[in-house]
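A.B. asks:
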């Protein structure tokens with residue numbers, strides 16, 4: 039199938055289907071809808087309720103997507119947000135997306151399919167993976183509603199492990215790694231478990247874990263180790279790939295000034311949002327803190343201290 | 048050892064190495080009194096007329112065409128006795144039989160796409176089809192492929208897969224359908240068939256024309272807007288059939304629904320979510 043230049047206008051990749059070595063891309067017609075929800079998949083899921091999309095989805099090769107993106111470079115890619123989870127990343131995405139000229143793709147499943155597929159096929163050439171990642175992000179970063187100018191990507195927490203590939207794909211795009219005091223993160227995960235940190239739900243290797251080492255009944259150890267691995271990759275992103283480190287506890291004014299400067303956007307372009315409410319009952323939180331302090335100190339304290347040292351050095 | 052757990056359960060269909068004399072079978076079927084045929088029981092699943100007689104049933108009656116209850120006993124009906132050629136076909140297959148029926152799809156009738164979840168080979172169920180009377184105007188589609196079942200041939204098909212049938216011909220389509228439990232001999236037969244027989248299948252022509260129509264939709268913003276506005280599956284499929292016909296592309300609502308369902312299934316199974 040050959041594509042003429044106009045034919046993917048308004049379409050967005052939503053799914054990759056690995057068929058042998060090469061993925062095929064599945065697109066739906068998003069039309070002029072801007073990605074506004076705090077999660078990409080929420081926008082797409084809502085859209086998929088229209089029966090049209092199931093009957094008129096379309097599939098292309100990666101090469102066709104590359105050709106399309108090459109002819110239609112899309113919005114300026116201004117920043118990648120990596121994060122530890124439960125650390126204010128959603129609020130950060132919301133604040134970026136609050137500006138109608140900015141588009142945030144938050145945790146798109148189609149990117150995860152690509153990164154996970156690449157991880158599972160180590161024999162794929164780096165050069166090919168780089169082309170694919172560029173093409174997919176370029177296809178996500180197309181203007182849709184009109185008036186959009188800048189594009190941001192909020193990654194999944196574990197995708198910071200793929201920083202080498204993402205940096206190779208986008209050598210000049212600003213990255214940051216957002217984190218938070220680890221006991222608060224552990225408490226949040228204990229109170230409301232995330233599916234990706236339940237052993238066996240997501241492929242353990244994706245979060246750099248080995249399922250065989252999971253001790254029954256010790257989800258806290260699994261979580262602590264997986265989160266520590268994410269922190270280590272965040273630190274690596276800072277030290278080797280130029281990512282800015284951001285602690286959610288920083289004073290918001292100074293923090294956003296740093297973030298805006300790093301992403302090359304005027305601070306005035308980022309409307310302030312109302313403060314997020316503290317989640318969970320206080321008693322429950324205190325109880326969880328007591329229970330998780332030991333394991334957090336053992337698994338996460340050291341890397342957190344190193345992140346903080348590196349961050350202070352960046353702030354200067 | 049061959050058994051249901053050793054990968055054989057994934058056999059979706061195969062033509063079998065037995066070919067019967069369809070003319071002899073037809074002459075026997077022609078002798079069955081017209082009032083012996085009983086209209087099919089699940090009226091949600093078909094449009095038009097669809098009727099059966101039993102050669103083997105739970106009650107031993109010709110008119111008992113409901114093949115329920117795997118544990119139940121089955122008995123030959125008087126038809127089995129009076130139709131020696133059909134009986135010889137049944138006996139050619141060496142497995143414990145349950146229901147044995149002649150299934151008759153009338154001209155213009157169709158069976159809507161559905162899965163018979165309790166008829167999977169994985170669950171030890173086997174169903175053999177022997178077309179007695181059919182034509183190239185009959186479309187027999189399993190898992191999105193047209194299976195060319197021709198008179199006198201014998202086929203194994205796993206009906207736990209989505210399947211639909213349509214008789215656009217001018218005559219009845221009549222199949223002898225033999226149900227039973229898969230045993231060692233069945234798996235040996237299927238294995239041998241897969242090795243020795245090439246079972247060709249085809250894209251449904253309506254689905255191919257729908258594919259052409261979809262490519263038109265990709266290029267046509269006006270058509271996109273018109274069809275995007277359809278909020279129900281049925282109204283969308285009907286609008287699509289009309290829009291296709293306007294462009295000289297004939298396909299059915301069933302073709303559209305089938306493509307839709309497969310696509311929706313793939314969406315639900317998408318990885319990484």
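Protein chains in written order, with my numbering: chain A, 39 to 354; chain B, 48 to 320. Beta carbons: idealized from backbone N, C-alpha and C, even for Gly.
(1) What does a CB cutoff of less than 8 angstroms around residue 82 (chain B) pick up in its chain, not counting 5 residues either side in sequence?
(2) Do residue 201 (chain A) and residue 151 (chain A) count as a contact pair if the criterion is CB distance below 8 angstroms?
(3) Which residue comes first and which comes last in the beta strand (DSSP E) that contains residue 53 (chain A)?
(4) May I ask you to report which of helix, strand or coil DSSP gives residue 247 (chain A)?
(5) Measuring straight from C-alpha to C-alpha, what distance separates residue 117 (chain A) and residue 301 (chain A)?
(6) Under 8 angstroms, do residue 148 (chain B) and residue 207 (chain B) count as touching if we go by C-beta distance?
(7) Let me know if residue 330 (chain B) comes out buried or exposed under the rule of 16 or more other beta-carbons within 10 Å of its beta-carbon.
(8) When we look at the beta-carbon of residue 167 (chain B) and count the other beta-carbons within 10 Å, is it buried (16 or more) or exposed?
(9) Tell me the rounded alpha-carbon separation between residue 213 (chain B) and residue 99 (chain B).
(10) When DSSP labels each residue in this structure, what does residue 320 (chain B) get in the three-state scheme?
(11) Let me check understanding here. Comparing Cα to Cα, which of A:193, A:143, A:155 and A:254 lies closest to residue 213 (chain A)?
(12) Only counting the same chain, and skipping five residues up and downstream in sequence, which positions put a Cβ closer than 8 angstroms to that of residue 352 (chain A)?
(13) State yes or no: is the beta carbon of residue 291 (chain B) nearer than 8 angstroms to at least one beta carbon in chain A?
(14) DSSP three-state label for residue 98 (chain A), please.
(15) In chain B, which residues lie with their C-beta within 7 angstroms of the C-beta of residue 110 (chain A)?
(16) Would you kindly report the start and end of the unbroken alpha helix (DSSP H) that includes residue 310 (chain B)?
(17) Could you confirm whether any beta carbon from chain B is found closer than 8 angstroms to the beta carbon of residue 118 (chain A)?
(18) Given a limit of 9 angstroms on CB to CB distance, which residues of the region 72–105 of chain A reach chain B?
(19) Compute the Euclidean distance between the alpha carbons of residue 46 (chain A) and residue 331 (chain A), then round it to the nearest angstrom.
(20) Assuming residue 182 (chain A) and residue 70 (chain A) form a contact by the criterion Cβ under 8 angstroms, report the distance between their Cβ atoms to the nearest whole angstrom.
(21) With burial defined as no fewer than 16 other Cβ atoms inside 10 Å of the residue's Cβ, what is the status of residue 186 (chain A): buried or exposed?
(22) So, using beta-carbon positions, are residue 176 (chain B) and residue 196 (chain B) closer together than 8 angstroms?
(23) Leaving out five residues before and five after residue 124 (chain A) in sequence, what residues of the same chain have Cβ atoms less than 6 angstroms from its Cβ?
(24) Mind listing which residues of the region 260–276 of chain A have their C-beta closer than 9 angstroms to chain B's C-betas, in chain order?
(25) Does the beta carbon of residue 123 (chain A) come closer than 8 angstroms to any beta carbon on chain B?
(26) Can the beta-carbon of residue 257 (chain B) be found less than 8 angstroms from the beta-carbon of residue 306 (chain B)?
(27) Within 10 angstroms of the Cβ of residue 179 (chain B), are there 16 or more other Cβ atoms? Answer buried if so, exposed if not.
(28) Does any heavy atom of the ligand FAD sit closer than 7 angstroms to the C-beta of residue 102 (chain B)?
(29) Where residue 57 (chain A) and residue 165 (chain A) are concerned, what is the direct C-alpha to C-alpha distance, given to the nearest angstrom?
(30) Would you identify the three-state DSSP class for residue 84 (chain B), choosing helix, strand or coil?
(31) Taking the beta strand (DSSP E) that residue 226 (chain B) belongs to, which residues open and close that run?
(32) Residues of chain A with a CB under 8 angstroms from the CB of residue 279 (chain B): which are they?
(33) Is there contact between the region 272–292 of chain B and the region 71–81 of chain A, where contact requires at least three CB pairs shorter than 8 angstroms?
(34) In angstroms, rounded to a whole number, what distance separates the CA positions of residue 259 (chain B) and residue 216 (chain A)?
(35) With a threshold of 8 angstroms, are at least 3 pairs of Cβ atoms found where one atom belongs to the region 178–194 of chain B and the other to the region 233–253 of chain B?
(36) What residues in the region 290–311 of chain B have a beta carbon less than 7 angstroms from any beta carbon of chain C?
C.D. replies: So, to answer that:
(1) On the second chain, position 35 is the one that residue 82 (chain B) refers to. There are no such residues.
(2) The residue labelled residue 151 (chain A) in the question sits at position 113 within the first chain. The residue labelled residue 201 (chain A) in the question sits at position 163 within the first chain. Cβ distance not < 8 angstroms, so residue 151 (chain A) and residue 201 (chain A) don't count as in contact.
(3) Stepping through the first chain from its first residue, residue 53 (chain A) is reached at position 15. Counting along the chain, the beta strand (DSSP E) containing residue 53 (chain A) begins and ends at 49–57.
(4) The residue given as residue 247 (chain A) occupies position 209 in the first chain. Residue 247 (chain A): coil per DSSP, three-state reduction.
(5) Taking the first residue of the first chain as position 1, residue 117 (chain A) is located at position 79. Taking the first residue of the first chain as position 1, residue 301 (chain A) is located at position 263. Roughly 6 angstroms between the two C-alpha positions.
(6) Taking the first residue of the second chain as 1, we reach residue 148 (chain B) at position 101. Taking the first residue of the second chain as 1, we reach residue 207 (chain B) at position 160. When the beta-carbon positions are compared, residue 148 (chain B) and residue 207 (chain B) stay at least 8 angstroms from each other.
(7) With chain B running from 48 to 320 in the structure shown, residue 330 (chain B) is simply not present.
(8) Translated into positions along the second chain, residue 167 (chain B) becomes position 120. Residue burial annotation: residue 167 (chain B) is buried, with at least 16 other C-beta atoms found within 10 angstroms of its C-beta.
(9) Position 166 of the second chain, counted from the start, is the residue given in the question as residue 213 (chain B). Position 52 of the second chain, counted from the start, is the residue given in the question as residue 99 (chain B). So the two alpha carbons sit approximately 16 angstroms from each other.
(10) The residue given as residue 320 (chain B) occupies position 273 in the second chain. With a pLDDT of only 39 at residue 320 (chain B), under the threshold of 50, the placement of this residue in the model should not be trusted, and no figure is reported.
(11) Locating residue 213 (chain A) in the first chain gives position 175, counting from the first residue. Ranking the options by Cα distance to residue 213 (chain A), first place goes to A:193.
(12) On the first chain, position 314 is the one that residue 352 (chain A) refers to. Here residue 352 (chain A) has 276, 282 and 283 as same chain residues with Cβ atoms under 8 angstroms from its own Cβ, once five neighbours each way along the sequence are excluded.
(13) Residue 291 (chain B) sits at position 244 when you count from the first residue of the second chain. So no, residue 291 (chain B) is outside the interface.
(14) Counted from its first residue, the first chain places residue 98 (chain A) at position 60. Strand at residue 98 (chain A).
(15) Numbered from 1 along the first chain, position 72 holds the residue referred to as residue 110 (chain A). Taking the beta carbon of residue 110 (chain A) as reference, no residue of chain B falls within 7 angstroms; the closest one sits roughly 16 angstroms away.
(16) Within the second chain, numbered from 1, the residue matching residue 310 (chain B) stands at position 263. Counting along the chain, the unbroken alpha helix (DSSP H) around residue 310 (chain B) starts and ends at 300–315.
(17) As a position in the first chain, residue 118 (chain A) is number 80, starting the count at 1. Chain B places no beta carbon closer than 8 angstroms to that of residue 118 (chain A), leaving this residue out of the contacts.
(18) Residues passing the 9 angstroms Cβ filter: 79, 86, 87, 88, 89, 90, 91, 92, 93, 94, 95 and 96.
(19) The residue labelled residue 46 (chain A) in the question sits at position 8 within the first chain. The residue labelled residue 331 (chain A) in the question sits at position 293 within the first chain. Each residue's alpha carbon lies about 52 angstroms from the other.
(20) Reading the first chain from its first residue, position 144 is the one you call residue 182 (chain A). Reading the first chain from its first residue, position 32 is the one you call residue 70 (chain A). Contact between residue 182 (chain A) and residue 70 (chain A) holds: CB atoms are separated by about 6 angstroms, below the 8 angstroms threshold.
(21) If you number the first chain from 1, residue 186 (chain A) lands on position 148. Taking all protein chains shown into account, residue 186 (chain A) has 16 or more neighbouring C-beta atoms within 10 Å of its C-beta and is therefore buried.
(22) Here residue 176 (chain B) refers to the residue found at position 129 of the second chain. Here residue 196 (chain B) refers to the residue found at position 149 of the second chain. Yes, these two residues count as a Cβ contact at 8 angstroms.
(23) Numbered from its first residue, the first chain carries residue 124 (chain A) at position 86. The residues are 223 and 226.
(24) Of all residues in the region 260–276 of chain A, none has a Cβ within less than 9 angstroms of some Cβ in chain B.
(25) Indexing the first chain from 1 puts residue 123 (chain A) at position 85. It does not: the Cβ of residue 123 (chain A) has no partner Cβ on chain B nearer than 8 angstroms.
(26) For this step, residue 257 (chain B) is matched to residue 210 along the second chain. For this step, residue 306 (chain B) is matched to residue 259 along the second chain. Contact flag set, yes.
(27) Numbered from its first residue, the second chain carries residue 179 (chain B) at position 132. With 16 or more other Cβ atoms within 10 Å, it is buried.
(28) Within the structure as shown, the ligand FAD is missing, as the structure has no ligands at all.
(29) Position 19 of the first chain, counted from the start, is the residue given in the question as residue 57 (chain A). Position 127 of the first chain, counted from the start, is the residue given in the question as residue 165 (chain A). Near 20 angstroms, if we compare the C-alpha coordinates of residue 165 (chain A) and residue 57 (chain A).
(30) What you label residue 84 (chain B) is simply residue 37 of the second chain in a count that begins at 1. DSSP, read as helix, strand or coil, puts residue 84 (chain B) in coil.
(31) Locating residue 226 (chain B) in the second chain gives position 179, counting from the first residue. It spans 220–228 - the beta strand (DSSP E) in which residue 226 (chain B) sits, taken as one unbroken run.
(32) Within the second chain, residue 279 (chain B) is the residue found at index 232, counting from 1. Against chain A, a Cβ distance below 8 angstroms from residue 279 (chain B) picks out 89.
(33) No contact exists between the region 272–292 of chain B and the region 71–81 of chain A.
(34) As a first step, residue 259 (chain B) is located in the second chain; it is residue number 212 there, counting from the start. As a first step, residue 216 (chain A) is located in the first chain; it is residue number 178 there, counting from the start. Residue 259 (chain B) and residue 216 (chain A) have their C-alpha atoms some 48 angstroms from each other.
(35) With a cut-off of 8 angstroms, the region 233–253 of chain B and the region 178–194 of chain B count as touching, because enough Cβ pairs lie within range.
(36) Reference to chain C is not applicable here, since the protein chains of this structure are A and B.
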